[in-house]
Amino acid sequence: MPTSVFFGEEVLERYGDAIKQLGQRALVVTGRTSAVTSGAMNDFETVAKKLGLTWVVYNKVSANPTLDTVAEAVDIARKEKVDFVVGIGGGSPLDTAKAIALLTPNKAEAHELYLADLPEAPLPIATIPTTSGTGSEVTQYAVFTLPEKKIKKGFGDKRCFPQISWVDPRYTYTLPYDITVDTALDALTHSIEGYLNKNSTPVSDELALAGIFYFAKQKDNLLAGNFEPETRSELMYASTLGGMVIAQTRTTVLHSLGYPLTYSHDIPHGRANGLLLAAYLEFIKEEEPLRVNKILNTIGMNSLDELKLFINKLLPSTGEFSKEELERMAALTFSTAGSLAWTPRQASQSDLLEIYRKSL
Ligand code: ZN
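The opening position of the sequence shown corresponds to residue 1345 in my numbering, with each subsequent residue numbered one higher.
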């Protein structure tokens, strides 16, 4: 994991000088509000001014960004001749920053992200996360919505690891309850899916168990909405650990099952994973009983029923899904999910349907 991570309060103020090594002129990629309300934008500008850098801001990244957003920002990056890209925000701006950095020097169109290896190295990337969920600050991945295929699809390129990430839990202090919960569940599932993954290693296992441990330590505060600085800090640490895990292992079919819930039903990414988690673990347990039990022990729970009960308390109910819709999503996931190959138990289309059926 080649990213230099500065973690803790006021890391931009204390270690912002490191940005000088990336260049003189930046494209700052953010959503409409999060960079400003979190205070991250102000901290970035203070550091950049002090160092004499120049920058342009692209602040139109919405949740679940499309390649049109990427294309618009790439045009700006080329026109403004920026040296590097800074992503500030949740996973969407961070992922978008990676795609911009890769496409800009390659003179490639946005849809070519998925086609083949692009020969030119990406522009340097720096990230400043303002949520505790995706772990995108320490991964080589980015996920986009493809409206023409009605799916979300990720790409990964080893050259797209951020060079530097400043991970300051203060930027999450203003997050509302639902986003805090949804993103915490995303981080939890990254560690869980990494731990269960066919690509796992002894080192990724240690990081994964640590990520699950910090979620567990804060789970009662999460439920109660007690977001003291220590809770914010440990949820953010769990998120960065989860990112480090999936950078090694990738996720599994749980994430793939969640994507249609986000694409077609507007269920936020982490919430979608959380809703499906207990039934997914029940399915995996047949193949990996010891690992599933280790996960439950680390979360501090005795059974999958207890986990399901906890998640039901944490999340709002989803409403009804028709039988046809569950079948459609199972078929879509089964035919498009590359992650089936590194999910530890081989899943048929009816296995996937069963996970949806038990969860929704
Ligand atoms: Zn995720």
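For each residue, glycine too, the CB sits at the ideal point set by N, CA and C.
From what residue to what residue does the alpha helix (DSSP H) around residue i run?
i: Thr1316; result: Residue 1316 is absent from the model: the chain starts at 1345 and stops at 1704.
i: Ile1611; result: Where Ile1611 is concerned, there is no enclosing alpha helix (DSSP H), given that its DSSP letter is neither H nor E.
i: Ser1348; result: That residue, Ser1348, is in no alpha helix (DSSP H); its beta strand (DSSP E) goes 1348-1351.
i: Phe1505; result: From DSSP, Phe1505 is part of no alpha helix (DSSP H); its letter is neither H nor E.
i: Arg1689; result: Where Arg1689 is concerned, there is no enclosing alpha helix (DSSP H), given that its DSSP letter is neither H nor E.
i: Val1372; result: No alpha helix (DSSP H) holds Val1372; the beta strand (DSSP E) holding it covers 1369-1374.
i: Tyr1515; result: Premise fails: Tyr1515 is in no alpha helix (DSSP H) and is neither H nor E.
i: Gly1587; result: 1573-1593
i: Lys1423; result: 1411-1423
i: Gly1555; result: 1546-1568
i: Asn1641; result: 1633-1643
i: Asp1361; result: Run containing Asp1361: none; DSSP gives neither H nor E here.
i: Lys1657; result: 1648-1658
i: Ser1535; result: 1521-1540
i: Leu1668; result: Before going on, a small fix: residue 1668 reads as Glu here, not Leu. Run containing Glu1668: 1667-1680, per the alpha helix (DSSP H) assignment.
i: Val1380; result: 1378-1381
Can you give the beta carbon distance from residue i to residue j, rounded, assuming they're within the 8 Å contact cut?
i: Val1482; j: Thr1374; result: Not confirmed; about 19 Å, so no contact.
i: Gly1705; j: Asp1530; result: Here the chain comprises residues numbered 1345 to 1704, so residue 1705 is not present and cannot be evaluated.
i: Leu1508; j: Ala1685; result: Residue identity differs from the one stated: residue 1508 is Ile in this sequence, not Leu. Going by Cβ atoms, the distance from Ile1508 to Ala1685 rounds to 32 Å, so no, they are not a contact pair.
i: Ala1558; j: Phe1351; result: For the record, residue 1558 in the displayed sequence is Tyr; it is not Ala. Incorrect: roughly 12 Å between the Cβ atoms, too far for contact.
i: Ala1454; j: Val1401; result: 20 Å between Cβ atoms; not a contact.
i: Lys1494; j: Tyr1603; result: About 10 Å separates the two Cβ atoms, so there is no contact after all.
i: Ser1286; j: Gly1569; result: Because residue 1286 is not part of the residues shown, which for the chain are 1345 to 1704, the question remains open.
i: Pro1513; j: Glu1353; result: 7 Å
i: Ala1384; j: Tyr1521; result: Actually they do not touch by this definition, with Cβ atoms about 20 Å apart.
i: Leu1620; j: Ile1699; result: 6 Å
i: Ile1469; j: Lys1451; result: 18 Å between Cβ atoms; not a contact.
i: Thr1584; j: Val1636; result: So it is not a contact: roughly 24 Å between Cβ atoms.
i: Leu1457; j: Leu1447; result: 7 Å
i: Met1410; j: Phe1488; result: First, the amino acid is wrong: residue 1410 is Thr here, not Met. Their Cβ separation, rounded to whole angstroms, is 6 Å, which keeps Thr1410 and Phe1488 in contact under 8 Å.
i: Leu1648; j: Glu1626; result: 5 Å
i: Gln1592; j: Ser1548; result: 4 Å
i: Glu1537; j: Leu1598; result: 6 Å
i: Ile1628; j: Arg1689; result: 5 Å
Ends of the beta strand (DSSP E) at residue i?
i: Val1405; result: From DSSP, Val1405 is part of no beta strand (DSSP E); its letter is neither H nor E.
In whole angstroms, what is the alpha-carbon distance linking residue i and residue j?
i: Ala1379; j: Gly1433; result: 6 Å
i: Gly1367; j: Lys1423; result: 16 Å
i: Asn1565; j: Ala1465; result: 43 Å
i: Val1426; j: Arg1369; result: 5 Å
i: Leu1438; j: Ala1560; result: 26 Å
i: Ser1406; j: Thr1440; result: 10 Å
i: Leu1567; j: Asp1501; result: 36 Å
i: Leu1553; j: Leu1670; result: 32 Å
i: Leu1395; j: Phe1665; result: 54 Å
i: Leu1532; j: Ala1486; result: 18 Å
i: Leu1371; j: Pro1506; result: 14 Å
i: Tyr1517; j: Ile1611; result: 23 Å
i: Glu1668; j: Ile1655; result: 25 Å
i: Ala1445; j: Tyr1539; result: 30 Å
i: Glu1572; j: Asp1461; result: 44 Å
i: Thr1377; j: Asn1408; result: 15 Å
i: Ser1476; j: Pro1633; result: 29 Å
i: Thr1474; j: Thr1524; result: 11 Å
i: Glu1357; j: Glu1492; result: 43 Å
i: Lys1364; j: Ser1436; result: 25 Å
i: Ala1691; j: Met1588; result: 26 Å
i: Thr1595; j: Thr1527; result: 15 Å
i: Glu1578; j: Leu1659; result: 20 Å
i: Leu1697; j: Glu1389; result: 49 Å
i: Thr1687; j: Tyr1359; result: 39 Å
i: Gly1479; j: Arg1576; result: 15 Å
i: Thr1381; j: Gln1693; result: 43 Å
i: Trp1399; j: Val1429; result: 9 Å
i: Thr1680; j: Lys1496; result: 10 Å
i: Leu1490; j: Phe1678; result: 17 Å
i: Gln1662; j: Ser1600; result: Looking at the sequence shown, residue 1662 is not Gln but Thr. Going from the Cα of Thr1662 to the Cα of Ser1600 covers about 18 Å.
i: Lys1563; j: Ser1683; result: 28 Å
i: Asn1541; j: Pro1449; result: 34 Å
i: Ala1623; j: Ser1703; result: 6 Å
i: Val1414; j: Met1673; result: 27 Å
i: Ala1421; j: Ala1392; result: 18 Å
i: Ala1616; j: Cys1504; result: 26 Å
i: Asn1386; j: Glu1574; result: 23 Å
i: Thr1471; j: Met1345; result: 15 Å
Flag residue i as yes if its beta-carbon sits less than 8 Å from any beta-carbon of chain B, otherwise no.
i: Ala1452; result: Judged by its chain identifiers, the structure shown contains no chain B, having just a single protein chain.
Next on the checklist: Just to confirm the assignment: which complete beta strand (DSSP E) runs, minimum length 3, are found wholly within the region 1428-1492?
Outcome noted: 1428-1433, 1469-1473, 1485-1490
Checklist entry - Around the ligand ZN, what residues have a beta-carbon under 6 Å from a heavy atom of it, in chain order? => result Thr1478, Asp1530, His1534, His1599, His1613
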